[in-house]
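Every letter in the sequence shown is one number past the one before it in my numbering, and letter 69, counting from 1, is 86.
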Amino acid sequence: MTTAPTTTTAPAGDAVVPLATGSGSPWRVLVVVGAIGGVLSGLFAIGGAILMVPLLVWRGGMDQRRAAATSLVAIIPTAVVSSAAYLVHADVDIAAAGLISAGAIGGAVVGSRLLRRLPMTWLRWTFIAFLLLTAAHLLIAVPEPGHRVGFSLAVAIGYLGLGVLTGVASGLFGIGGAIISVPLLGSVFALSDAVAKGTALLVSIPTSLAGTISNRHGSNAVDVRAGLILGVTAAVTSVPAVYVAVSLPNKVSSVTFAVLLIAIAIQLSIKAVRASGVESPRTH
Numbered sequence: 018m019t020t021a022p023t024t025t026t027a028p029a030g031d032a033v034v035p036l037a038t039g040s041g042s043p044w045r046v047l048v049v050v051g052a053i054g055g056v057l058s059g060l061f062a063i064g065g066a067i068l069m070v071p072l073l074v075w076r077g078g079m080d081q082r083r084a085a086a087t088s089l090v091a092i093i094p095t096a097v098v099s100s101a102a103y104l105v106h107a108d109v110d111i112a113a114a115g116l117i118s119a120g121a122i123g124g125a126v127v128g129s130r131l132l133r134r135l136p137m138t139w140l141r142w143t144f145i146a147f148l149l150l151t152a153a154h155l156l157i158a159v160p161e162p163g164h165r166v167g168f169s170l171a172v173a174i175g176y177l178g179l180g181v182l183t184g185v186a187s188g189l190f191g192i193g194g195a196i197i198s199v200p201l202l203g204s205v206f207a208l209s210d211a212v213a214k215g216t217a218l219l220v221s222i223p224t225s226l227a228g229t230i231s232n233r234h235g236s237n238a239v240d241v242r243a244g245l246i247l248g249v250t251a252a253v254t255s256v257p258a259v260y261v262a263v264s265l266p267n268k269v270s271s272v273t274f275a276v277l278l279i280a281i282a283i284q285l286s287i288k289a290v291r292a293s294g295v296e297s298p299r300t301h
């Protein structure tokens, strides 16, 4: 006697990833997506969500809103493991992380509310624009180690502002926020590449927690079980990648990351155009 696969429930319009013991395919998809995200998390300190979100939309059967909310859950265990590896190498600025986190927690709550309220088309194209802007910044202004900015009131305010910015992006796009903070910590605050990555990963822990709690209270878009599968898998695969990242030249890391973001943006643009063609007749 066979048991029918079980699925999570969601509001109308939200596709669901079936977590079925009767079919190995959904579990394999989540494990593969998590493994890819973990490697990227260790190499580029991005929490892996920048790729996990489009993969969940493309192969996981989720829409943009559900994928973003679920990826925040996955970031938590990934960031814990990855940041611990950076802490071992003393590649974390604890003071900067504390100030950025203070702003990021509030920003994540705002971003998660925007995620629930913005139309799906806006979410798709805003995410694509965000990827391209980040790639352009990495290609035009590759961070180079310089004289570190001394701590002052202006620097503290700058860290808080950076936290709000990354928090909003985290809640809205389902990312840890490091995709913004890593290049800015290098180019504006002159942190070394390794310290910027370690600090950003540490900040992504409270940021993702705040966004996830806000999403859980405000909607049913979060698939916690899928997020935990993604997160645990990503956490395991992120550790060896960290050891590669600490020896990777800054320019190679930035350019490789930028090319990856452009490729993802192209793929998402194609999908968004196709989705617009399908949805537009329904509006008439």
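All residues carry an ideal CB built from backbone N, CA and C; glycine is no exception.
Over the uninterrupted alpha helix (DSSP H) stretch that includes residue i, give me the two end residues.
i, result
"A207", "Run containing A207: none; DSSP gives neither H nor E here."
"F190", "170-190"
"M79", "From DSSP, M79 is part of no alpha helix (DSSP H); its letter is neither H nor E."
"G123", "111-134"
"V70", "66-75"
"L156", "137-157"
Which word fits residue i, buried or exposed, when buried means at least 16 other C-beta atoms lie within 10 angstroms of its C-beta?
i, result
"K268", "exposed"
"F168", "exposed"
"S231", "buried"
"V239", "buried"
"S225", "buried"
"S88", "buried"
"Y260", "exposed"
"T229", "buried"
"S129", "buried"
"S264", "exposed"
"T20", "Low per-residue confidence applies at T20: pLDDT is 44, beneath 50, and the placement is therefore not dependable enough to give any value."
"V46", "buried"
"P71", "buried"
"V241", "exposed"
"L182", "buried"
"V290", "exposed"
"V17", "Within the shown structure, residues of the chain are numbered from 18 to 301, placing residue 17 beyond reach of any answer."
"V74", "buried"
"A91", "buried"
"A227", "buried"
"L208", "buried"
"R134", "exposed"
> So does the segment 108-127 actually touch the segment 270-290, counting three or more Cβ pairs closer than 8 Å?
Replying inline: They do not touch, by the three-pair rule.
> Using 8 Å as the Cβ pair cut-off and three pairs as the minimum, do the segment 219-231 and the segment 183-195 touch?
Replying inline: The segment 219-231 is in contact with the segment 183-195.
> Any contact of the segment 196-203 with the segment 90-109, i.e. 3+ C-beta pairs under 8 Å?
Replying inline: A contact is defined here as three or more CB-CB pairs under 8 Å, and the segment 196-203 fails this definition with respect to the segment 90-109.
> Touching or not, the segment 169-176 and the segment 210-217, by the rule of three or more beta carbon pairs under 8 Å?
Replying inline: Not touching, per the Cβ criterion.
> Touch check for the segment 251-264 and the segment 44-55: three-plus C-beta pairs under 8 Å?
Replying inline: Below 8 Å, enough C-beta pairs join the segment 251-264 and the segment 44-55 to call them touching: three or more.
>> Which complete alpha helix (DSSP H) runs does the segment 209-259 hold, if anything under 4 residues is left out?
In response: Scanning the segment 209-259 for uninterrupted alpha helix (DSSP H) segments of 4 residues or longer gives 210-235, listed from N- to C-terminal end.
>> Three or more C-beta pairs under 8 Å: does that hold for the segment 78-86 against the segment 104-111?
In response: Short answer: they don't touch.
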